[in-house]
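So in this note's numbering the end of the sequence shown lands on 114, straight run, no missing numbers.
Ideal placement from N, C-alpha and C gives every residue a C-beta, glycine not left out.
This structure is a prediction, so every number in the text was calculated from the model and none was measured.
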Amino acid sequence: MTNNKKTALHSPEKQLTLEDKLFLVKTKKDTVSHIKVNSKMCKHCASKMCLIVCPAKTYEERKGVIEANYENCLECGSCRVICTDGAIEWENPRGGFGVTFING
Ligand code: SF4
Ligand code: SF4
11 MTNNKKTALH
21 SPEKQLTLED
31 KLFLVKTKKD
41 TVSHIKVNSK
51 MCKHCASKMC
61 LIVCPAKTYE
71 ERKGVIEANY
81 ENCLECGSCR
91 VICTDGAIEW
101 ENPRGGFGVT
111 FING
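Quick look at the structure:
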């Protein structure tokens, strides 16, 4: 690779923001949630890492209760790993639903 090509690929102008990347995702929304949160367990959770780790801001705390806006989910799996209390029940969306990453 020549220096010019390397520079073009790594230039700041070519870097996509999170919003740009989310624009490249198509979602077919299901009517049934593929995420369930055991909110009783969340009451004892100090970190509430699900609110921080999810790139799609799927989790929200409303009046002290953690809720999942499953339609936002990008199926990255991070919440399943980060919630060490096991309060998140997560399944793949039903066939034909969920995200499609346009660039693979
Ligand atoms: S990390 Fe798990 S236990 Fe903690 S608030 Fe989120 S879902 Fe609940
Ligand atoms: S799988 Fe990823 S995008 Fe979906 S809710 Fe969990 S952290 Fe958010």
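Put residue i into one of helix, strand or coil per three-state DSSP.
i	result
I92	helix
E29	helix
K46	strand
G105	coil
N13	In this prediction, N13 has a pLDDT of 49, which is less than 50 and means its spatial position is unreliable; what the coordinates show is noted afterwards. Helix.
H62	Before going further, note that residue 62 is Ile rather than His in the sequence given. Note: I62 maps to helix in three-state DSSP.
K24	helix
I98	strand
C119	Because residue 119 is not part of the residues shown, which for the chain are 11 to 114, the question remains open.
E52	Strictly speaking, residue 52 in this sequence is Cys, with Glu absent from that position. C52: helix per DSSP, three-state reduction.
Would you list the one or two residues that DSSP bridges to residue i?
i	result
Y69	A78
K2	As shown, the chain starts at 11 and ends at 114. That puts residue 2 outside it, with no answer to give.
Please decide whether residue i counts as near chain B, where near means a Cβ-Cβ distance under 8 Å.
i	result
N79	Chain labels in this structure do not include chain B; a single protein chain is all it has.
Inset, instruction - Tell me, please, whether the region 22-36 touches the region 85-99 by the rule of three or more beta-carbon pairs shorter than 8 Å. - result: No, the region 22-36 does not touch the region 85-99.
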